[in-house]
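**Q**
Number of protein chains: 2
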Amino acid sequence: MESNIRKHIETKINESLTNDEFERFFTVVELVEVKKKQQIVVEGQHSKLLFFVEKGTLHSFVTDEQGKTHTIQFGFEGHWIADLYSFLSDRPAIFTIEALEATTLLAIKQTDFERVCRQIPKFEHFFRILIQNAYVNSQQRIVKTFSEDAGNRYLALIKQQPDLLQRVPQYLIASYLGIKPESLSRIRKNYLKK
Amino acid sequence: MESNIRKHIETKINESLTNDEFERFFTVVELVEVKKKQQIVVEGQHSKLLFFVEKGTLHSFVTDEQGKTHTIQFGFEGHWIADLYSFLSDRPAIFTIEALEATTLLAIKQTDFERVCRQIPKFEHFFRILIQNAYVNSQQRIVKTFSEDAGNRYLALIKQQPDLLQRVPQYLIASYLGIKPESLSRIRKNYLKK
DNA sequence: CGTCTATTTGAATGTACTCAAAAGCGGTGG
DNA sequence: CCACCGCTTTTGAGTACATTCAAATAGACG
């Protein structure tokens with residue numbers, strides 16, 4: 005089985021891995037196959053796994069006191085996904101991660117990842133970039149939420165990721181944008197008029 | 005001049021530093037004094053400094069296309085503040101950091117920080133926890149923005165930080181909550197009735 | 001085909017916004 | 001010490017955007 009994870013890491017850190025470096029990393033990686041609707045992380049339960057999406061789609065979300073769910077992020081091929089809070093601390097996960105279709109993942113245990121980071125500085129570096137990007141994106145999302153109305157946020161989103169609508173149901177996109185499915189439907193209707 | 009930065013780091017990593025470890029770190033730290041309204045990081049300009057707030061108050065914000073500013077975070081005594089994006093990458097800062105009053109900071113250059121991290125694993129660990137917490141808080145803020153109305157977000161904020169109103173102007177709190185000053189004023193008026 | 005789920009549409013409601021003006025507050029200089 | 005100025009906060013009236021609740025339509029899958 006051939007993975008494209010090596011290229012992904014090399015692209016992120018902007019340098020190549022030696023075969024030895026990659027092998028040492030790859031031996032601690034485990035292949036995981038999940039079906040649609042299966043949950044790989046469950047809010048409230050500990051999760052010491054970091055996932056790389058080989059193929060398929062997932063989403064992470066929280067459920068609020070009124071039982072409404074809020075999408076935190078989508079995970080597509082070539083993305084990393086985890087509850088980093090639980091992964092990095094020793095606390096229960098703060099959100100749930102669920103497959104939207106049959107999905108193939110590579111899973112890395114936190115202890116193995118720590119070891120690899122210590123042994124191979126490039127992985128430490130890689131991990132920093134991973135969190136850094138996630139953090140910056142998260143801050144940008146807050147700013148966009150405050151500075152743009154839902155219509156503009158939607159346009160920006162499909163501009164940045166035009167295939168999103170083909171890949172995830174519309175009501176999840178609404179949830180990601182922080183609005184109701186009905187509102188997104190109306191936004192799209194108005195948008196088509198122009 | 006005595007700093008409380010040592011205690012802060014030890015608390016975060018939940019173990020003590022040896023005198024040697026702390027000394028090695030403290031020698032690369034520089035004391036910075038800024039006046040009210042002075043900017044220590046400017047959006048669009050590179051910034052390779054990480055700041056620890058000894059005394060005083062700052063806020064970080066972005067200015068959108070319509071010229072409106074959006075508060076990203078406040079920095080009080082014992083907080084760390086920086087444009088981590090610019091600090092960790094080699095790109096211009098994505099926001100501005102400005103003192104709200106006369107403020108005393110400790111500044112660490114990125115290169116020194118890297119070196120200290122490499123030499124003293126506890127600092128690497130500390131830094132990870134720092135970003136991790138920032139990232140998790142950022143995600144939680146998104147979820148709260150989507151799941152709670154402005155009134156509840158305000159109540160949660162002053163419950164968590166009751167002295168906030170005494171420390172920063174109300175219009176900045178409004179900006180942090182993602183609403184207009186007029187709206188926060190009305191929210192507070194309604195709140196007093198109950 | 002029928003069932004289940006997702007999306008669209010409608011009408012009424014609510015929350016926050018805009019624009020405008022008034023009131024409050026704090027600091028400075030006469 | 002008080003009057004004035006600039007900035008923050010409050011208040012008012014009208015508006016915009018998104019929500020709620022309900023129902024109709026469309027799509028997907030067995």
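Residue numbers (the working numbering), protein chains in the order written: chain A, 5 to 198; chain B, 5 to 198.
For each residue, glycine too, the CB sits at the ideal point set by N, CA and C.
1) Against Y175(B), what residues of chain A qualify as contacts under a CB-to-CB distance less than 9 Å, listed in chain order?
2) Taking the Cβ atom as the reference point for each residue, do V147(A) and H63(A) lie within a distance shorter than 8 Å?
3) Rounding to the nearest angstrom, what Cα-Cα distance links I183(A) and P166(A) in this structure?
4) With the cut-off set at 8 Å, would you say T108(A) and E34(A) are in Cβ contact?
5) Would you verify that the beta carbon of A97(A) is, or is not, closer than 8 Å to some beta carbon of chain B?
6) Ignoring anything shorter than 4 residues, give me the alpha helix (DSSP H) runs that lie fully in the segment 11-51 of chain B, in order along the chain.
7) Under a Cβ-count criterion, where at least 16 other Cβ atoms within 10 Å of its own Cβ denotes burial, should K221(B) be classed as buried or exposed?
8) Let me know the secondary structure DSSP gives S64(B) once reduced to three states.
9) Spatial neighbours of P96(B) within its chain, please: CB distance less than 7 Å, with the 5 preceding and 5 following residues excluded, ordered by chain position.
10) Using only CA atoms, which one of I17(A), F29(A), Y175(A) lies nearest to P185(A)?
11) Could you confirm whether any beta carbon from chain B is found closer than 8 Å to the beta carbon of I146(A)?
12) Can you give me the C-alpha to C-alpha distance between H12(A) and G82(A), rounded to a whole angstrom?
13) Taking the alpha helix (DSSP H) that I98(B) belongs to, which residues open and close that run?
14) Is F56(A) helix, strand or coil when you go by DSSP?
15) Have a look at L88(B) and V32(B) and give me their C-alpha separation to the nearest angstrom.
16) Give the DSSP-derived three-state secondary structure of G3(B) in the structure shown.
17) Under 8 Å by Cβ, that's how I've got D68(A) and S151(B) pegged, so tell me the actual separation to the nearest angstrom.
18) Give, in chain order, every unbroken run of the beta strand (DSSP E) that is at least 3 residues long and sits entirely within the segment 92-177 of chain B.
19) What does the alpha-carbon distance come out to for the pair F80(B) and T61(B)?
20) Look at the alpha carbon of S20(B) and the alpha carbon of F130(B), and state the distance between them as a whole number of angstroms.
21) Residues of chain B with CB closer than 9 Å to the CB of K163(A), please, in chain order.
22) Run down chain A in chain order and give the residues with a C-beta less than 8 Å from the C-beta of L88(B).
23) When burial is assigned at 16 or more other CB atoms within 10 Å of the CB, is T100(A) buried or exposed?
24) Just to confirm, are Q42(B) and E102(B) a CB contact at a threshold of 8 Å?
25) Would you mind sorting S189(A) into buried or exposed? The rule is 16 or more other CB atoms within 10 Å of its CB.
26) Whole-angstrom Cβ separation of I17(B) and I133(B), contact assumed at under 8 Å?
27) Whole-angstrom Cβ separation of Y180(B) and T75(B), contact assumed at under 8 Å?
28) Just by C-beta distance, which residues in the segment 55-71 of chain A are closer than 7 Å to chain B?
29) Listing by chain order, which chain A residues have their CB less than 7 Å from the CB of F150(B)?
30) Could you check how far apart the C-beta atoms of L110(B) and F55(B) are, in whole angstroms? I think they sit under 8 Å.
31) Taking 8 Å as the threshold (beta carbon to beta carbon), is L159(A) in contact with chain B?
32) Measure the Cβ-Cβ separation of I98(B) and V66(B) and say whether it is below 8 Å.
33) Cutting at 7 Å between CB atoms, please list the residues of its own chain near A178(B), excluding the five before and the five after it.
34) Is Q143(A) close to chain B, meaning its C-beta is less than 8 Å from at least one C-beta of that chain?
35) Give me the Cβ distance between Q123(B) and R192(B), rounded to the nearest whole Å; I'm assuming they're in contact under 8 Å.
36) Return the residue from the list G71(B), Q70(B), I85(B) that minimises the CA-CA distance to Q77(B).
**A** Let me lay it out:
1) Indexing the second sequence from 1 puts residue 175(B) at position 171. Here the premise fails: no neighbours, minimum Cβ distance about 14 Å.
2) Within the first sequence, residue 147(A) is the residue found at index 143, counting from 1. Within the first sequence, residue 63(A) is the residue found at index 59, counting from 1. No Cβ-Cβ contact shorter than 8 Å links V147(A) with H63(A).
3) As a first step, residue 183(A) is located in the first sequence; it is residue number 179 there, counting from the start. As a first step, residue 166(A) is located in the first sequence; it is residue number 162 there, counting from the start. Going from the Cα of I183(A) to the Cα of P166(A) covers about 19 Å.
4) Taking the first sequence and counting its residues from 1, the one referred to as residue 108(A) is at position 104. Taking the first sequence and counting its residues from 1, the one referred to as residue 34(A) is at position 30. Going by beta carbons, T108(A) and E34(A) fall outside the 8 Å limit.
5) Numbered from its first residue, the first sequence carries residue 97(A) at position 93. Under the 8 Å criterion on CB atoms, A97(A) is classed as non-interfacial with respect to chain B.
6) As for any alpha helix (DSSP H) of minimum length 4 sitting wholly inside the segment 11-51 of chain B, the runs are 23-30, ordered along the chain.
7) Nothing can be reported for residue 221(B): it is not among the residues displayed for chain B, which extend from 5 to 198.
8) Position 60 of the second sequence, counting from 1, holds the residue named residue 64(B). Taken through DSSP and simplified to helix, strand or coil, S64(B) comes out as strand.
9) Residue mapping note: residue 96(B) aligns to position 92 of the second sequence, counting from 1. In chain order, G48, Q49, H50, S90 place their CB closer than 7 Å to the CB of P96(B), counting only its own chain and leaving out the 5 sequence neighbours on each side.
10) Here residue 185(A) refers to the residue found at position 181 when the first sequence is read from its first residue. Out of I17(A), F29(A), Y175(A), Y175(A) has the C-alpha closest to the C-alpha of P185(A).
11) Within the first sequence, the letter at position 142 stands for residue 146(A). Cβ-Cβ to chain B under 8 Å: yes for I146(A).
12) Numbered from its first residue, the first sequence carries residue 12(A) at position 8. Numbered from its first residue, the first sequence carries residue 82(A) at position 78. Their backbone Cα atoms lie some 7 Å apart in a straight line.
13) Locating residue 98(B) in the second sequence gives position 94, where the first residue counts as 1. Where I98(B) is concerned, there is no enclosing alpha helix (DSSP H), given that its DSSP letter is neither H nor E.
14) Sequence index remark: in the first sequence, residue 56(A) carries index 52 (1-based). Three-state result, F56(A): strand.
15) For the purposes of this step, residue 88(B) is taken as the residue at position 84 of the second sequence. For the purposes of this step, residue 32(B) is taken as the residue at position 28 of the second sequence. Going by the C-alpha atoms only, they are around 19 Å apart.
16) Since the first residue of chain B shown is 5 and the last is 198, residue 3(B) is not available in this structure.
17) The residue labelled residue 68(A) in the question sits at position 64 within the first sequence. The residue labelled residue 151(B) in the question sits at position 147 within the second sequence. Contact flag correct, Cβ pair sits at about 4 Å.
18) Under the rule that a run must span 3 or more residues, the beta strand (DSSP E) segments found entirely inside the segment 92-177 of chain B read 100-103, 107-113.
19) Walking along the second sequence from the start, residue 80(B) turns up at place 76. Walking along the second sequence from the start, residue 61(B) turns up at place 57. Whole-angstrom Cα-Cα distance: 5 Å.
20) For this step, residue 20(B) is matched to residue 16 along the second sequence. For this step, residue 130(B) is matched to residue 126 along the second sequence. In this structure, the straight-line span from the alpha carbon of S20(B) to that of F130(B) is close to 12 Å.
21) Numbered from 1 along the first sequence, position 159 holds the residue referred to as residue 163(A). Those within 9 Å of K163(A) in chain B number zero; the least Cβ separation is about 16 Å.
22) As a first step, residue 88(B) must be located in the second sequence, where it is residue number 84. Q136, Y139, V140, listed in chain order.
23) One-based indexing of the first sequence puts residue 100(A) at position 96. Buried, since its Cβ has 16 or more Cβ neighbours within 10 Å.
24) What you label residue 42(B) is simply residue 38 of the second sequence in a count that begins at 1. What you label residue 102(B) is simply residue 98 of the second sequence in a count that begins at 1. Contact flag set, yes.
25) To locate residue 189(A), count along the first sequence from 1; it is residue 185. Classification for S189(A): exposed.
26) Residue numbering aside, residue 17(B) sits at position 13 when the second sequence is read from its first letter. Residue numbering aside, residue 133(B) sits at position 129 when the second sequence is read from its first letter. Yes, I17(B) and I133(B) are in contact; Cβ-Cβ is about 7 Å, under 8 Å.
27) Position 176 of the second sequence, counted from the first residue, corresponds to residue 180(B). Position 71 of the second sequence, counted from the first residue, corresponds to residue 75(B). The pair is a contact, with the Cβ atoms about 4 Å apart (cut-off 8 Å).
28) When C-beta distances to chain B are compared with 7 Å, the residues of the segment 55-71 of chain A below that value are V66, D68, in chain order.
29) Looking up residue 150(B) in the second sequence gives position 146. Neighbours of F150(B) on chain A, chain order: H74, G182.
30) The count along the second sequence starts at 1 and reaches residue 110(B) at position 106. The count along the second sequence starts at 1 and reaches residue 55(B) at position 51. Sure, about 7 Å apart at Cβ, within 8 Å.
31) Here residue 159(A) refers to the residue found at position 155 of the first sequence. Not one chain B Cβ lies under 8 Å of L159(A).
32) Position 94 of the second sequence holds residue 98(B). Position 62 of the second sequence holds residue 66(B). A contact, by the Cβ cut-off of 8 Å.
33) As a first step, residue 178(B) is located in the second sequence; it is residue number 174 there, counting from the start. Only K184, P185, S187, L188 meet the Cβ criterion.
34) Locating residue 143(A) in the first sequence gives position 139, where the first residue counts as 1. True, the Cβ-Cβ gap to chain B drops below 8 Å.
35) By one-based count along the second sequence, residue 123(B) stands at place 119. By one-based count along the second sequence, residue 192(B) stands at place 188. About 50 Å; that fails the 8 Å criterion.
36) Along the second sequence, one-based indexing puts residue 77(B) at 73. Here the closest residue by C-alpha is I85(B).
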